[in-house]
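*Asks:*
Number of protein chains: 2
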Amino acid sequence: MSLRTVASKFVELCRQGKNFDVMRTMYEPNNVSVEGDGKETVGQGPVIKKSEDWVADKTFHGETVADPFFNGATPDQFAVYFTLDVTPKSTGRRITLQEVGVYTVKNDKITREQFFYDGDH
Amino acid sequence: MSLRTVASKFVELCRQGKNFDVMRTMYEPNNVSVEGDGKETVGQGPVIKKSEDWVADKTFHGETVADPFFNGATPDQFAVYFTLDVTPKSTGRRITLQEVGVYTVKNDKITREQFFYDGDH
Numbered sequence: 212m213s214l215r216t217v218a219s220k221f222v223e224l225c226r227q228g229k230n231f232d233v234m235r236t237m238y239e240p241n242n243v244s245v246e247g248d249g250k251e252t253v254g255q256g257p258v259i260k261k262s263e264d265w266v267a268d269k270t271f272h273g274e275t276v277a278d279p280f281f282n283g284a285t286p287d288q289f290a291v292y293f294t295l296d297v298t299p300k301s302t303g304r305r306i307t308l309q310e311v312g313v314y315t316v317k318n319d320k321i322t323r324e325q326f327f328y329d330g331d332h
Numbered sequence: 212m213s214l215r216t217v218a219s220k221f222v223e224l225c226r227q228g229k230n231f232d233v234m235r236t237m238y239e240p241n242n243v244s245v246e247g248d249g250k251e252t253v254g255q256g257p258v259i260k261k262s263e264d265w266v267a268d269k270t271f272h273g274e275t276v277a278d279p280f281f282n283g284a285t286p287d288q289f290a291v292y293f294t295l296d297v298t299p300k301s302t303g304r305r306i307t308l309q310e311v312g313v314y315t316v317k318n319d320k321i322t323r324e325q326f327f328y329d330g331d332h
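These protein sequence lines map, in sequence, to chains X and Y.
Heads up, our numbering is the position in the first sequence plus 211, with the first residue counted as 1.
Heads up, our numbering is the position in the second sequence plus 211, with the first residue counted as 1.
In structure tokens, the structure reads:
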């Protein structure tokens, strides 16, 4: 597959709400996930667990994903812009979170994801 | 200034439509600009010229800029998501372009910008 094919599949599944299918089928076993504070989580299992924990204390209303985006100087990467419509159970207040994700792909699998955002997510 | 202060100033000026003020006052003289196809333009003057040429064949209706975003693993960078509402003079058809920009800051100046998008911009 080309980077573009991987990126399109990624976005399509996310738009169907199948984010965990993405993690289970498109992540390399040693995938590295880097949150906004710079903290790295290493390994497909721990990365999935991190997302399960994140979802567990929220009501998830939906997300938007644009678009994917590319840059020829980094031909193994694509970027997306997410908005996440959630109600944290701790506050009960519905909010929209925004973030940019930069994904690195090798041999058709996502090997690294780095999220840019502001504040707690 | 902190990275956050530079990023906030960048976004504030862009939201006021002062993109060329950003380039004139916030770019380092040897700034590098990388377009979606990977092509690099080097130097503040050539980078400004590139944008002048880009604007020249369009009617520019406005832009949105979110938000800026950060990641602690790359503490000299911020990311933004742009939508650009333009009518290319060649087609007369109004379109919305989207892109992610990743900016690198050193000594309070923008030294590099890398744009991720899809298709012609």
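Think of the CB as a built atom: it goes at the ideal place given N, C-alpha and C, for glycine as much as any other residue.
Hey, would you say V243 (chain Y) sits closer than 8 Å to R323 (chain Y), going by beta carbons?
*Replies:* yes
*Asks:* Any Cβ of chain Y within less than 8 Å of the Cβ of D296 (chain X)?
*Replies:* No, D296 (chain X) does not count as interfacial toward chain Y.
*Asks:* What is the DSSP secondary structure of D278 (chain Y), reduced to helix, strand or coil?
*Replies:* strand
*Asks:* Please name the residue, chosen from X:D232, X:T315 and X:D264, that lies closest to F289 (chain X) on a Cα-to-Cα basis.
*Replies:* Of X:D232, X:T315 and X:D264, the smallest CA-CA separation from F289 (chain X) is found for X:T315.
*Asks:* Closer than 8 Å by beta-carbon distance: list the chain X residues that pair up with G254 (chain Y), in chain order.
*Replies:* The contacting residues do not exist; G254 (chain Y) stays about 17 Å from chain X at best.
*Asks:* Just the Cα atoms here: how many angstroms apart are T236 (chain X) and N318 (chain Y)?
*Replies:* 42 Å
*Asks:* Restricting to Cα atoms, I'd like to know which of Y:M234, Y:Q227, Y:G273 and Y:H332 is closest to V258 (chain Y).
*Replies:* Y:M234
*Asks:* Chain X partners of P257 (chain Y), CB-CB under 9 Å?
*Replies:* Residues of chain X passing the Cβ test: none, with the nearest at roughly 17 Å.
*Asks:* Under the assumption that V291 (chain Y) contacts L308 (chain Y) (Cβ atoms under 8 Å), give the Cβ distance between them as a whole number of angstroms.
*Replies:* About 14 Å separates the two Cβ atoms, so there is no contact after all.
*Asks:* So A290 (chain Y) is in the beta strand (DSSP E); what residue range does that whole segment cover?
*Replies:* Q288 to P299
*Asks:* Give me the Cβ distance between D268 (chain X) and P299 (chain X), rounded to the nearest whole Å; I'm assuming they're in contact under 8 Å.
*Replies:* 6 Å
*Asks:* For S244 (chain Y), report the span of its beta strand (DSSP E) as first-last.
*Replies:* Y238 to V245
*Asks:* For a contact defined as C-beta to C-beta under 7 Å, what are the partners of E310 (chain Y) on chain X?
*Replies:* F280
*Asks:* Does the beta-carbon of Q227 (chain Y) have 16 or more other beta-carbons within 10 angstroms, so that it is buried, or is it exposed?
*Replies:* exposed
*Asks:* Roughly how many whole angstroms lie between the Cα atoms of F231 (chain X) and K250 (chain X)?
*Replies:* 21 Å
*Asks:* Does K261 (chain Y) come out as helix, strand or coil in the three-state DSSP assignment?
*Replies:* helix
*Asks:* Do F271 (chain X) and N282 (chain Y) have their CB atoms nearer than 8 Å?
*Replies:* no
*Asks:* Excluding sequence positions up to five away, which residues of its chain have a Cβ less than 6 Å from the Cβ of L295 (chain Y)?
*Replies:* Excluding residues within five positions, the ones whose Cβ falls inside 6 Å are E274 and L308.
*Asks:* Under a Cβ-count criterion, where at least 16 other Cβ atoms within 10 Å of its own Cβ denotes burial, should G247 (chain Y) be classed as buried or exposed?
*Replies:* buried
*Asks:* How should I306 (chain X) be labelled, buried or exposed, when 16 other C-beta atoms within 10 angstroms of its C-beta is the threshold for buried?
*Replies:* exposed
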